[in-house]
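Asks: Before we start, here is the structure in question, set down as structure tokens.
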Amino acid sequence: MEDFLARSGALADTAETLSITEEQATAVLWPRTTKDLAHTNTAKELYNDLFKLKRREIDLDLHGVFISDYYRAKRIPRGFRVRNAPTIGRQNPDFGRRWMQIANKCSLDWMVIVVEEVGKELILVKKTIQEFEVSNVTLLQAPSTQDTLIKLQDDIQKYQNDLIRFKKQKLNKVNHDYTHHQVYRWLSGSDSNSRNPPSRYQQRITKPKFKTIDVSSGESASETEMIDPTSKSYTTPFLEKGATFKEPPDMPKERRDTRKKDLSGEERRVTRYTNTSGRPPLQRTRP
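If you use the working numbering, the sequence shown closes out at 297, no skipped numbers anywhere.
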């Protein structure tokens, strides 16, 4: 036993180390890779992989289209607005205007670099789709897969229509903000503490938003989840249906609390439950 402990290093009085070189690692690694393993995708796997890629393509494309239109109209969507309000000078209109102009410049520049980055990501996604279709050309042309491809096309079209509808709703809100001069509410000149619109946390609680996987920027955390029209959960969100909760049931009459004195004279709380098993009742004693 002592020999084992000595050889294992358990008896060492200092921290021992071991350094493995890349040459040593290469010598022990398996020469085969996962790409060498024979695997044929099924129609279901083909659908899932291709649906994710095409959905991402739609997300990026529509995001670039709408942000470009916002920039051309010089109207800043809510996700790109600078929410920092000045702590002084709010009753000085000249100061407020300059503050707003600087914030607008920052937001518009953000929008430009986001559109540029979205374009780069979109090119990569399209290239990935082409490579995927080439590597699975046999399965894509198989007669047994045609029904799956038709379903894929229908689901992708439905996803795109829903996303366009959602983004147009956001566009209408932005236009409403500019029409009613509610982009920067602190510009009213009031000393009120309500400098900014309701926080994103309050918006998520009061009015849930459409779920997308668009995480390129300018979106709140509630808008970064995926929607999958093929899943059973692709229905009206839970909070939009209006949750109803039942009142808790009354305590059963069979349950009663009593106080008894034990042999030592200390008072203990004893809870008894109805027993229908024919066995002696189980009592739980708590201090």
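Yeah, the Cβ is synthetic: ideal placement off N, Cα and C, and Gly gets one too. Predicted, not measured: the structure shown is a model, and the values here were computed from it.
Can you check whether the CB of Met121 is closer than 8 Å to the CB of Ile77?
Replies: Yes, the pair counts as a contact, with Cβ atoms nearer than the cut-off.
Asks: Pull up the distance between the alpha-carbon of Arg85 and that of Lys180, whole angstroms please.
Replies: Straight-line Cα distance between these residues: approximately 12 Å.
Asks: Throw me the rounded Cβ distance for the Leu132 and Gly89 pair, which I believe falls under 8 Å.
Replies: In fact, because the Cβ distance is near 19 Å, the residues do not count as touching under 8 Å.
Asks: What did DSSP end up calling Gln10 once you bin it into helix, strand or coil?
Replies: Any answer about residue 10 is impossible in this case: the structure gives the chain only from 11 up to 297.
Asks: By the three-class DSSP mapping on this structure, what secondary structure does Arg66 have?
Replies: Here Arg66 sits in helix by DSSP.
Asks: With C-beta atoms as the reference, is Met110 less than 8 Å away from Tyr169?
Replies: No, these two residues do not count as a Cβ contact at 8 Å.
Asks: Residues in the same chain with beta-carbon distance under 6 Å from Pro96, minus the five sequence neighbours each way, listed in chain order, please.
Replies: Closer than 6 Å at Cβ, skipping near neighbours: Trp109.
Asks: Give me the residue from Ala53, Ser29 and Asp59 with the minimum Cα distance to Leu149.
Replies: Closest option to Leu149, Cα to Cα, is Ala53.
Asks: I need the boundaries of the alpha helix (DSSP H) containing Gly106, first residue and last residue.
Replies: Pro103 to Ser145 is the extent of the alpha helix (DSSP H) around Gly106.
Asks: From Arg17 to Met11, what distance separates their C-alpha atoms?
Replies: Rounded to whole angstroms, Arg17 to Met11 spans 10 Å at the Cα level.
Asks: Output the distance between the C-alpha atoms of Phe176 and Ile112, rounded to the nearest integer angstrom.
Replies: If I take the Cα positions, the gap works out to 30 Å.
Asks: Give me the Cα-Cα distance between Lys45 and His186, rounded to the nearest whole angstrom.
Replies: Rounded to whole angstroms, Lys45 to His186 spans 53 Å at the Cα level.
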